[in-house]
Every structure is written in structure tokens, then in C-alpha cells.
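Taken in order, the sequence shown gives residues 188 to 350; the numbers are from my numbering.
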Amino acid sequence: MGLLTVRRRRLTASGVQPVGLIQHTFEWFYIYGAVAPTTGERFFLELPYLNADTFQLFIDAFAQAFPDSLNILLLDNSGAHTAHRIRWPANVRPVWLPPYCPELNPIERVWRDVKDDLAWEQFTDLDVQQAYVATLLQAYDAPTLQALTGHAHLVEAINALCS
């Protein structure tokens, strides 16, 4: 997330370009997240960068938050996710998605929903936006997260593994 305005389509008359204020401030923060598609249980962590070191912080905190279960993370092939120096905790296992298939990763639907809420919003500074995003993430309830992340094929696979 960052102060650069998220743009989305707007309803206008035919042939009329949509008008919206654009903020060109390049300050960023990153939200790391995991959602259980069958229960809607979630874990989000805000960090200042997207790299292997901060990803390691995320998976360590995630492992500590859910110490009594084996946790599967569906991941794309980002350099932060695939770095050789990543140490996987005993209760966290990565599952790699095929390259160029973000639509297969359920968390991407959550990020799209968050960005839809941020569309055309402008914030005075990064702290205000961070607080707004934190409020958005806290407002998600389990049924909403299940609806966003619970692809039928994924839920069937999880249920097959659990039985």
C-alpha cells in the first residue's frame, strides 16, 4: 500500500473520461497476510519492506501465532518468498503456485478488496493511510474472508487432506 492513488473504473457517460484527483507521493508500506479459506481465520502483519528479511519476520510471527497447527502458505514465486536464506519454521510449509497465476492465490482477492476500498482515496500522510488500512483489515469477519478466499477447488482439497 502507498500514497500513490489507487485508480479504478468509474461510471461516466459514454465517451467521457472519468475524473479523479491523483496523488503522486511515493511512500509505501506492505501488508503481509494469511487467511484460512475454510474458517476465515486470519493473520496480517504490516512491515516497511517487501524482501526476504521482512518475509522471514512474517513467517516467524505467523508460526508463533499458530503454534499448535501445521500451517500451509500458498505463495507465488516472488524473490522474497523463494530466497534461499528463508528458514521455514517446523509448523509452516510453503506450497508454490505456478508462475504468472496470481488469480490462484486466495489472498489476492483480499488485497483486491482492500484496494477497492482505497480507490480514489487520498491521505495526508502514510500514518493516516496505515491507520485506515488497519481499520479495514480489522473489520473483516470470518464469513467475509471465507467468501473471498474459499475457492471451491481449494476448500475441497483442504477437506480431503483433513479427512
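Glycine included, every Cβ here is placed at the ideal spot set by N, Cα and C.
No experiment lies behind these values; they were computed from the predicted model shown.
By the C-beta density criterion, residue 219 is buried, having at least 16 other C-beta atoms within 10 angstroms.
Residue 305 counts as buried, since at least 16 other C-beta atoms from the protein chains shown sit within 10 angstroms of its C-beta. Across the structure, residue 243 and residue 203 are spaced so that their CA atoms are roughly 47 Å apart.
DSSP links residue 258 through a beta bridge to 279. Going by C-alpha positions, residue 232 is about 21 Å away from residue 310. Collapsing the DSSP output to three states places residue 287 in coil. Approximately 6 Å separates the beta-carbon atoms of residue 216 and residue 235; this is inside 8 Å, confirming the contact. For residue 230, the enclosing beta strand (DSSP E) covers residues 229-234. DSSP places residue 266 in the uninterrupted alpha helix (DSSP H) bounded by 266-269.
In summary, residue 266 is exposed, with fewer than 16 beta-carbon neighbours lying within 10 Å of its beta-carbon over all protein chains present.
Residue 255 places its beta carbon 8 Å or farther from that of residue 284.
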